[in-house]
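Asks: Submitted below is the structure of interest, expressed as structure tokens.
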Amino acid sequence: TAVLFFLDIRINRMKEIMDLPVQAGASDYHLDDYSIRFDGVEFSYKDSDERVLHNVSFEARQGQVTALIGPSGGG
């Protein structure tokens with residue numbers, strides 16, 4: 010269906026990004042245990058007063074899958 014079609018497109022785009030070559034001179038730095046945290050994030054598009062993200066908080070940890078989902082057209 011349409012949802013699966015768009016999901017497939019997004020997955021293929023992510024694969025394209027992940028397969029990009031590493032830039033020359035890029036560091037080979039490796040972290041053994043990491044996470045990234047967002048606390049109270051708000052976002053609005055340029056030239057818009059309407060916020061599309063309101064007080065979003067989450068933590069993405071190493072080895073876990075984190076998905077941000079929303080209504081169709083939300084991303």
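Just so we're on the same page, the numbering used here is the position in the sequence shown counted from 1, plus 9.
Even glycine gets a Cβ: it sits at the ideal position worked out from N, Cα and C.
Going by C-alpha to C-alpha distance, which of 72, 20 and 24 sits closest to residue 41?
Replies: It is 72.
Asks: Per DSSP, which residues does residue 68 bridge with? Please list them.
Replies: 46
Asks: What's the gap between the Cα of residue 60 and the Cα of residue 66?
Replies: 15 Å
Asks: What does DSSP give as the partner residue(s) for residue 15 in the beta ladder?
Replies: Paired residues: none, contrary to the question.
Asks: Assign residue 25 to one of three DSSP states: helix, strand, or coil.
Replies: helix
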